[in-house]
Structures are given as C-alpha cells and as structure tokens.
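Before any comments, here is the structure.
Residue numbers (my numbering): 745 to 824.
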C-alpha cells in the first residue's frame, strides 16, 4: 500500500500525468488507509494485552473460589 501511495503521489505531481487530480485523490486514500490500519494494529495490541489481564484475573478468581469450596467442604479439625 505504501508503494501505491508513493506512486500515486508521484503521478499527482507529474506534469505529464494523464489525470493528476485522480492520482492525488488515490494517494490521499492510500495514506488514509495506511493510517487506519496502523491504528487498528495499535488497538489490537491493547485489546490483546487487556484480554491477557482479564484471563489472569479470571484464573485467580477461579483459584480463590476453589479454595473457598475446599475450605467449606473440608471437615473441621478435631479440637485438642
């Protein structure tokens, strides 16, 4: 996509271009698309990090719940 943007930007400034305006618009669109993709990648990284945090928290909660159940099922220790 970067190569397409570069080529369209070049053609937009070429005095012999068949349609400089069209190439200029295509260069702008390609640039915008690259910015969106870049933003999505950054957002995706944050989402993945957040999902790992949520997973760790869920695992910890499950461990604590298991401990509570084990403590409630275990018979009380005999008094000495």
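Idealized CB from N, CA, C, for every residue including glycine.
Outcome for residue 767 when other beta-carbon atoms lying within 10 angstroms are tallied against a minimum of 16: Mapped onto the chain shown, residue 767 falls at position 23. Per the 10 Å Cβ criterion, buried.
Collapsed DSSP secondary structure at residue 763 in the structure displayed: Translated into positions along the chain shown, residue 763 becomes position 19. Looking at residue 763 - three-state DSSP - the assignment turns out to be coil, as it is neither helix nor strand.
Cβ neighbours of residue 794 in the same chain (closer than 7 Å, five flanking residues each side left out): Taking the first residue of the chain shown as position 1, residue 794 is located at position 50. Nothing listed; no residue qualifies.
Which listed residue (818, 745 and 753) has its alpha carbon closest to that of residue 779: If you number the chain shown from 1, residue 779 lands on position 35. Per the Cα distances, 745.
Residues near residue 752 in its chain [Cβ-Cβ closer than 7 Å; skip 5 each side]: Translated into positions along the chain shown, residue 752 becomes position 8. Counting only Cβ-Cβ distances below 7 Å, and skipping sequence neighbours, we find 767, 770, 771 and 774.
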